[in-house]
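Chemist: One structure, pasted below without further comment.
In UniProt numbering, the protein residues as written are 1 to 261.
Pasting the structure below:
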């Protein structure tokens, strides 16, 4: 099996691990064992605080680097055949952006291994405050918010239409495994879609009201769910959804089509 294939599969395992950890931490908040929700960086820091955390983070960093590299391969080599029309270019551009995002997460993981402490404060609010001071800054924030919202809708549509199964090597999945994998993936995609839609909504509010305090990242979006009526149940459902999404990533690690399979 070529190296890029191994890196891709390790990357899906690493991404799945992070989402399962986010879901687990959110569930602890929902049942009252933890005061705050957590985002990707918080999950990584929690992993690092465990026994043998440095070794776990090193393995995770390699996997996340592999996932980032795989997204770049998808953007430029187009193994999924997205094509060169407008839709294909947009899909490939989004994968390039995801590759950059996970490269940044890999960098954060490496810094955590070396013992560097993350800076305090809400990074999302700091960034939007800077953007609001720039020409067209509010427009860029609104566009980003719409992008998050559209992405969330796409995730939900993928779940409803089962289009995500196109990425699987279906001939290798045993019938007894297929239905649980399908249900888990659908639930995970829907939960992630709802949370990303919330993030988009808050970014649009930031642009409309020119108030960086309206900006909420993943952890704040989960916390917002907890503030709604029956909030603990909503947060618990989102937590289970993120765990389900992580398990879906594990399924992709095993059964996804790549360039060489």
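Backbone N, C-alpha and C fix where the C-beta goes; we use that ideal spot for every residue, glycine too.
Counting C-beta neighbours from all protein chains within 10 Å, is the total for residue 11 16 or more, i.e. buried, or is it exposed?
Modeler: Under this definition residue 11 is a buried residue.
Chemist: Between residue 142 and residue 195, which are expected to be in contact by the criterion C-beta below 8 angstroms, what is the C-beta distance as a whole number of angstroms?
Modeler: Contact flag wrong, Cβ pair sits at about 19 angstroms.
Chemist: Can you give me the C-alpha to C-alpha distance between residue 199 and residue 221, rounded to a whole angstrom?
Modeler: Approximately 6 angstroms between the Cα atoms of the pair.
Chemist: Cβ of residue 196 less than 8 angstroms from any chain D Cβ?
Modeler: Absence of chain D from the displayed structure is noted, only one protein chain being present.
Chemist: Spatial neighbours of residue 204 within its chain, please: C-beta separation below 6 angstroms, excluding the five flanking residues on both sides.
Modeler: Contacts found: 142, 145.
Chemist: For the alpha helix (DSSP H) that contains residue 56, what are its first and last residues?
Modeler: It spans 53-76 - the alpha helix (DSSP H) in which residue 56 sits, taken as one unbroken run.
Chemist: In chain order, what residues of the same chain have a beta carbon less than 7 angstroms from the beta carbon of residue 184, not counting five sequence neighbours either side?
Modeler: Answer for residue 184: 244, 247, 248, listed in chain order.
Chemist: Compute the Euclidean distance between the alpha carbons of residue 106 and residue 208, then round it to the nearest angstrom.
Modeler: About 33 angstroms.
Chemist: Using only the alpha-carbon positions, how far apart do residue 120 and residue 42 sit?
Modeler: Confidence in residue 120 is poor, its pLDDT being 48 and thus under 50, which makes the residue's placement too unreliable to answer from.
Chemist: With DSSP as the reference, label residue 283 as helix, strand or coil.
Modeler: Residue 283 falls outside the range modelled here, since the chain spans only 1 to 261, and no answer is possible.
Chemist: Residue 135 to residue 218, Cα distance in whole Å?
Modeler: Going from the Cα of residue 135 to the Cα of residue 218 covers about 27 angstroms.
Chemist: Less than 8 angstroms between the beta carbons of residue 23 and residue 242, yes or no?
Modeler: Yes, the pair counts as a contact, with Cβ atoms nearer than the cut-off.
Chemist: Could you tell me whether the Cβ atoms of residue 150 and residue 193 are closer together than 8 angstroms?
Modeler: Against a cut-off of 8 angstroms, the Cβ pair of residue 193 and residue 150 comes out as no contact.
Chemist: Identify, in the order they occur along the chain, each residue of the same chain with its Cβ nearer than 6 angstroms to the Cβ of residue 63, setting aside the five sequence neighbours on each side.
Modeler: Closer than 6 angstroms at the Cβ level, and outside the excluded window around residue 63, lie 10, 11, 13, 14.
Chemist: Excluding the 5 residues flanking residue 181 on each side, which residues of the same chain have their C-beta closer than 6 angstroms to its C-beta?
Modeler: Here the set comprises 251.
Chemist: Whose C-beta lies closer than 8 angstroms to the C-beta of residue 256 among residues of the same chain, with five residues either side of it excluded?
Modeler: These residues qualify, in order along the chain: 8, 9, 12, 167, 168, 169.
Chemist: Thinking just about the alpha-carbon of each residue, which of 89, 28, 254 is nearest to the one in residue 177?
Modeler: Comparing Cα positions, the closest option is 254.
Chemist: Restricting to runs no shorter than 4 residues, where is the alpha helix (DSSP H) found entirely within the stretch 116-173?
Modeler: Within the stretch 116-173, the complete alpha helix (DSSP H) runs of at least 4 residues are 123-132, 137-161.
Chemist: Can residue 189 and residue 159 be called in contact, C-beta distance under 8 angstroms?
Modeler: Yes; because the gap between Cβ atoms is below 8 angstroms, this pair is in contact.
Chemist: In whole angstroms, give me the CA-to-CA distance for residue 4 and residue 40.
Modeler: Going by the C-alpha atoms only, they are around 24 angstroms apart.
Chemist: Keeping to the same chain, check which residues put their C-beta closer than 7 angstroms to that of residue 140; ignore five residues upstream and five downstream.
Modeler: Closer than 7 angstroms at Cβ, skipping near neighbours: 131.
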